[in-house]
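Chemist:
Residue numbers (the working numbering): 4 to 250.
#1: Could you check what DSSP says for residue 149 in three-state terms: helix, strand or coil?
#2: Hey, quick one: how far does the beta strand (DSSP E) through residue 114 stretch, first residue to last?
#3: If we call anything under 8 angstroms between Cβ atoms a contact, is residue 188 one with residue 109?
#4: At a cut of 8 angstroms, does the region 16–27 reach the region 38–57 through at least three beta carbon pairs?
#5: According to the neighbour-count rule (16 or more other Cβ atoms, all chains shown, within 10 Å of its Cβ), is residue 144 buried or exposed?
#6: Which partner residues does residue 42 have in the DSSP bridge list?
#7: Cutting at 7 angstroms between CB atoms, please list the residues of its own chain near residue 193, excluding the five before and the five after it.
#8: Would you mind stating whether residue 208 and residue 6 have Cβ atoms separated by less than 8 angstroms?
#9: Residue 243 and residue 186 look like a contact to me (Cβ under 8 angstroms); what is the Cβ gap, rounded to whole Å?
#10: Can you give the Cα-Cα distance for residue 222 and residue 72, rounded to whole angstroms?
#11: As an exercise, report each continuous alpha helix (DSSP H) stretch of at least 4 residues that is fully enclosed by the region 183–231, in chain order.
#12: If the criterion is Cβ atoms closer than 8 angstroms, does the pair residue 85 and residue 59 meet it?
#13: Counting pairs of Cβ atoms below 8 angstroms between the region 97–104 and the region 65–80, do you hit three or more?
#14: Give the DSSP-derived three-state secondary structure of residue 94 in the structure shown.
#15: Going by alpha carbons, who is nearest to residue 231 out of 218, 199 and 183?
#16: State the start and end residues of the unbroken alpha helix (DSSP H) segment that holds residue 125.
#17: Bridge partners of residue 69, per DSSP?
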């Protein structure tokens with residue numbers, strides 16, 4: 004089953020497609036010192052909640068790019084609801100491949116999707132040309148709370164070296180030529196709300212679509228995701244939104 008389709012089903016009732024809540028999302032905007040007229044580029048923007056909420060609160064404008072037409076439809080609807088459709092727009096595309104306007108944005112964000120550049124370093128290299136001088140880069144990235152066993156990485160669908168410790172993540176930023184200037188981290192509660200709320204969504208989808216061709220894969224997704232979160236994810240896997248400036 005297509006991974007994107009899995010997320011469209013499991014996150015159907017999510018507004019924020021990462022393990023944070025509204026409070027942390029708005030706190031991130033505050034620590035970034037956003038102000039009216041700034042332009043933000045959000046790569047792999049999901050349902051556009053970041054761009055829409057920040058446009059409504061801080062007066063920014065900008066562009067979101069995502070592969071999912073399902074998510075983009077939700078983003079455009081959200082922009083209408085918040086009265087910011089004239090200041091934000093959303094385009095379908097592979098955020099790791101679309102041409103980016105050089106030096107055009109005050110803020111370039113990739114929050115929770117560094118796979119678009121093949122990992123953290125590649126994604127930073129991809130984002131950097133779009134930044135104006137002195138602009139901010141926002142990256143959402145997992146990290147290991149403590150050294151995990153091999154079984155944890157396998158259960159969570161990653162490799163041990165995909166992520167580092169929190170200090171090791173700082174090392175990766177610095178190796179990519181970026182300075183960490185602020186951060187907002189997920190916690191156990193926000194991880195639970197992101198992960199656990201998917202279980203009910205998927206269960207309801209399975210009850211409504213028991214004979215759907217994707218039903219076996221979604222049952223496996225539900226069973227695997229529930230167990231991996233409880234056994235390994237909640238203990239070992241952290242997640243943060245990091246504010247970076249060119250070093």
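We treat Cβ as the ideally placed atom computed from N, Cα and C, and that holds for glycine.
Modeler: Reading it off the structure:
#1: Residue state, collapsed to three classes: coil.
#2: Annotation: the continuous beta strand (DSSP E) that includes residue 114 extends over 108–114.
#3: no
#4: Taking 8 angstroms as the limit for Cβ pairs, the verdict is that the region 38–57 does touch the region 16–27.
#5: Taking all protein chains in view, the Cβ of residue 144 is crowded by 16 or more other Cβ atoms within 10 Å, so the residue is classified as buried.
#6: 64
#7: 22, 23, 24 and 27
#8: No, these two residues do not count as a Cβ contact at 8 angstroms.
#9: 5 angstroms
#10: 24 angstroms
#11: 191–211 and 218–231
#12: yes
#13: yes
#14: strand
#15: 199
#16: 123–130
#17: 95
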